[in-house]
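**Q** Dropping a structure here in structure tokens format, bear with me for questions.
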Amino acid sequence: MNNGGNLAALLPLVIFMAVMLGIGFYVRQMQARGFAKNFVQQYFIGNHDLGGFVLAMTTVATYSSVSSFVGGPGMAWQIGFGWIYMAVVQVTAIFLVLGIFGKRVALLSRKFDAVTVVDIIRERFQSDGLASLAAFIIVLFFCATMTAQFVGGAKLFAAVTGYSYEMGLLLFGLAVVVYTTVGGFRAVALTDTCCALLMMVGIVLLLYYVLSAGGGYSNLMANLHANHPEMFEPLSGGHMPVGLYLTQWILVGICTIALPQSVVRGISYKDTASLHRAMLIGTVVVGFMNIGINFTGILAHGVLTGDLASYGGVDNIIPRTIVTVMPQSLVGLAIIGPLAASISTISGLLIVASSAIIKDVYLHNQHKEGKEPGTKQLRLLSMLATAVIGVVVFVIALTPPNLIWIINMFAFGGLETAFFWMLLLGLFWRRANKLGAILSMGGGTVVYCLTQGMGVKVLGLHQITIGITASLLFFLLGTYLGKPQDERVLAEFFPTRRQ
Amino acid sequence: MTDWEKYQQIRREAAFTGLALLVLILFWCWAGFGLEGVEMEIFGLPLWAVTSSIGVWIFAIVLVKILLKFVFRDMPLNDEKEGVSHE
Chain A
1 MNNGGNLAAL
11 LPLVIFMAVM
21 LGIGFYVRQM
31 QARGFAKNFV
41 QQYFIGNHDL
51 GGFVLAMTTV
61 ATYSSVSSFV
71 GGPGMAWQIG
81 FGWIYMAVVQ
91 VTAIFLVLGI
101 FGKRVALLSR
111 KFDAVTVVDI
121 IRERFQSDGL
131 ASLAAFIIVL
141 FFCATMTAQF
151 VGGAKLFAAV
161 TGYSYEMGLL
171 LFGLAVVVYT
181 TVGGFRAVAL
191 TDTCCALLMM
201 VGIVLLLYYV
211 LSAGGGYSNL
221 MANLHANHPE
231 MFEPLSGGHM
241 PVGLYLTQWI
251 LVGICTIALP
261 QSVVRGISYK
271 DTASLHRAML
281 IGTVVVGFMN
291 IGINFTGILA
301 HGVLTGDLAS
311 YGGVDNIIPR
321 TIVTVMPQSL
331 VGLAIIGPLA
341 ASISTISGLL
351 IVASSAIIKD
361 VYLHNQHKEG
371 KEPGTKQLRL
381 LSMLATAVIG
391 VVVFVIALTP
401 PNLIWIINMF
411 AFGGLETAFF
421 WMLLLGLFWR
431 RANKLGAILS
441 MGGGTVVYCL
451 TQGMGVKVLG
461 LHQITIGITA
471 SLLFFLLGTY
481 LGKPQDERVL
491 AEFFPTRRQ
Chain B
1001 MTDWEKYQQI
1011 RREAAFTGLA
1021 LLVLILFWCW
1031 AGFGLEGVEM
1041 EIFGLPLWAV
1051 TSSIGVWIFA
1061 IVLVKILLKF
1071 VFRDMPLNDE
1081 KEGVSHE
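For the record, the sequence lines run as chains A and B. If you're matching positions, the first sequence starts at 1 in our numbering and goes up one per residue. If you're matching positions, the second sequence starts at 1001 in our numbering and goes up one per residue.
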């Protein structure tokens, strides 16, 4: 494989990675003063300085993973328009998280000098145990998700360019770890913005070549109508059960508002006008991406006309489509889109995982002992934490053990189960208390992972329905059994009219 | 704006965002399953396939515009404690 690589495909990728690295180092230069003045604020959250456009792009790019660009449209190839109908529920993701948590988190973070979601949870429930548990869940699930993103990206690279898996991993994997480590959150936000733009370019490019390879739109449609009429039904001749629609609303729509990597973006923006702009831009962009890439997947069925088994599964559909329809010289450009989706998710998770270790665990313990680490030491440790997590994940991705796939399977729904009620009820319900939060986060996550691990289902629905219900019940149980939070704490979170 | 006024406004915005979600879910049901039986084609596609994809997308954009125009309000994020040093 190594020798048969397509050099023309490599060049655009190398340039792309060089630009990303350049942004990382440039951003670091720009922030030199901020790094010296308040390192933690600057490194982990970019010192509350994102504008609306960048906020929208970084939220979308972190949220859209490599599977939105490979596995998803591969399913669309098989299912048809029912898959877009399902995927389009994701248009809610951005305006929900920013609309519900955006301002709440922004104000609270300024009040408590918080840079992470865990900081806010700690203040609200006054529990170090809960905060540590939250930090642990974040690091564990994020590492598994990042590994999956690395693997997805590298596999795509190998399949499309003909170079080895390891080379792909080295090329884009090390780049993302380096620029995130060097530039911190601001570098993540800016590179995410480039990535989101490139994802859109990639979609348009692929769509164009699929259309021309298939002999034009009406030709492709006639072909699909004749050979796959079920692709034009919402239930796709039984391939797309109603229950799947319901659980997708919960799993990739509503509950995504609690994902810590999304909520933390509420801390990062400059002013409310930026937030409002981001809600609109984010909704436009996320809709464009989801509809665009899945529509391309459907049309690809008019080009790759064999049955699924002959391509070796849905994950191979998009790589095969790229190789089949794109001219050799443009293949490199075409995979920049999906790789951009992969690295923008990795960078977003990496900086949050690093902040969980430095801010939520290390710094908190230092403060408790009455110590204040110097800026120099903090800078070193923070960059070290980011680099170490990145490199560990990178090494795991070289030969991923089975355990990683199991954790990854739990990750998305597990994070939602852990954080959904705790954030929603914690931030908007006065009565919510520590016991409820601990039971909900611990118990809900365990129930979710157990039922998913054992394949237990209720009414044939995805286990997120069980997890989120159990998490709510635990929360209510704990809240009514336990004592309300201290009045002093509640007064900070729920201001009264007379103050 | 006092802290109390800000919190009231934020709660209002969150509640209306939730309401927008409900409206969107209803529209989504209608635009896909509701229009499935309609024998009409746009761009060679059955009507539902268009309304349930681009239709839902545009509807969501309009909803957000309405939220931003009628519900969301600008507010200062740094309160009077501004100038508190970070370190």
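Beta carbons are placed, not taken as given, at the ideal position from N, Cα and C, and that holds for glycine.
#1: For the region 420-428 of chain A and the region 191-207 of chain A, state whether three or more C-beta atom pairs, one from each stretch, are separated by less than 8 Å.
#2: In whole angstroms, what is the alpha-carbon distance linking Leu459 of chain A and Met1040 of chain B?
#3: Once DSSP output is grouped into helix, strand and coil, what is the label at Pro1046 of chain B?
#4: To which residues of the same chain is Ile250 of chain A closer than 7 Å at the C-beta, ignoring the five residues directly before and after it?
#5: Based on the DSSP secondary-structure assignment, which residues constitute the bridge partners of Tyr269 of chain A?
#6: Using a threshold of 8 Å, state whether the C-beta atoms of Ile404 of chain A and Ile396 of chain A are closer than that.
#7: Give a yes or no on whether the minimum CB-CB distance between Val1064 of chain B and chain A is below 8 Å.
#8: Look up Leu1035 of chain B in the DSSP assignment and say whether it is helix, strand or coil.
#9: Helix, strand or coil for Val458 of chain A per DSSP?
#10: Could you check whether Phe53 of chain A and Ile293 of chain A sit closer than 8 Å to each other, using their CB atoms as the reference points?
#11: When the cut-off is 8 Å and only beta carbons count, does Ile317 of chain A lie next to chain B?
#12: Could one say the Cβ of Gly1037 of chain B lies closer than 8 Å to chain A's Cβ atoms, at least one of them?
#13: One question on the structure: do Leu156 of chain A and Val70 of chain A come within less than 8 Å of each other, judged by their Cβ atoms?
#14: Can you find a CB in chain B that lies within less than 8 Å of the CB of Arg33 of chain A?
#15: List the whole-angstrom C-beta distance separating Phe493 of chain A from Arg124 of chain A, where the pair is believed to meet the contact cut-off of C-beta under 8 Å.
#16: Would you check whether the ligand FAD has a heavy atom nearer than 7 Å to the C-beta of Gly51 of chain A?
#17: Secondary structure at Glu1114 of chain B, three-state DSSP: helix, strand or coil?
#18: Quick one: does Ile23 of chain A have its CB under 8 Å from some CB of chain B?
#19: Could you tell me the boundaries of the alpha helix (DSSP H) in which Ser355 of chain A lies?
#20: How many angstroms separate the CA atom of Trp429 of chain A from the CA atom of Ala1014 of chain B?
#21: Is it buried or exposed for Val1062 of chain B, if we count other Cβ within 10 angstroms and need 16 for buried?
#22: Go to Thr1051 of chain B, then tell me how far its alpha helix (DSSP H) extends in each direction, as first and last residue.
#23: Which runs of the alpha helix (DSSP H) fall wholly inside the region 134-219 of chain A and span at least 4 residues, in chain order?
#24: Does the count of Cβ pairs from the region 188-195 of chain A and the region 37-44 of chain A closer than 8 Å reach three?
#25: Check each candidate in A:Phe136, A:Leu339, A:Met409 and A:Leu224 and name the one with the smallest Cα separation from Asp360 of chain A.
#26: Going along chain A, which residues have a C-beta under 9 Å from Arg1012 of chain B?
#27: Does the beta carbon of Ile358 of chain A sit closer than 8 Å to a beta carbon anywhere in chain B?
#28: Is Lys371 of chain A close to chain B, meaning its C-beta is less than 8 Å from at least one C-beta of that chain?
#29: What residue does the alpha helix (DSSP H) around Asn408 of chain A start on, and which one ends it?
#30: Can you grab the Cα-Cα spacing for the pair Ala501 of chain A / Pro1046 of chain B, in whole Å?
#31: Specify the secondary structure class of Lys368 of chain A as computed by DSSP and reduced to three states.
#32: Classify Phe1043 of chain B: buried if its beta carbon has 16 or more other beta carbons within 10 angstroms, exposed otherwise.
#33: How long is the line joining the alpha carbons of Val139 of chain A and Ala356 of chain A, rounded to whole angstroms?
#34: According to DSSP, is His225 of chain A part of a helix, a strand, or is it coil?
**A** Walking through what the data contain:
#1: no
#2: 34 Å
#3: strand
#4: Ile464, Thr465 and Ile468
#5: A:Leu50
#6: yes
#7: yes
#8: coil
#9: strand
#10: no
#11: no
#12: no
#13: Here Leu156 of chain A is near Val70 of chain A, since their CB atoms are less than 8 Å apart.
#14: no
#15: 6 Å
#16: No copy of the ligand FAD occurs in the structure displayed, which carries no ligand at all.
#17: No answer is possible for residue 1114 of chain B: the residues shown for chain B start at 1001 and end at 1087.
#18: no
#19: Val331 to Ser355
#20: 12 Å
#21: exposed
#22: Premise fails: Thr1051 of chain B is in no alpha helix (DSSP H) and is neither H nor E.
#23: 165-168 and 174-213
#24: Taking a cut-off of 8 Å on C-beta distances, the region 188-195 of chain A does not touch the region 37-44 of chain A, as fewer than three cross pairs fall below it.
#25: A:Phe136
#26: By Cβ distance, chain A contributes nothing, its closest Cβ being about 11 Å from Arg1012 of chain B, past 9 Å.
#27: no
#28: Not an interface residue.
#29: Asn402 to Phe428
#30: Residue 501 of chain A lies beyond the stretch modelled for chain A, which goes from 1 to 499, so this question has no answer here.
#31: Helix at Lys368 of chain A.
#32: Around the beta-carbon of Phe1043 of chain B, fewer than 16 other beta-carbon atoms lie within 10 Å, marking it exposed.
#33: 7 Å
#34: In the displayed model, His225 of chain A falls within a helix according to three-state DSSP.
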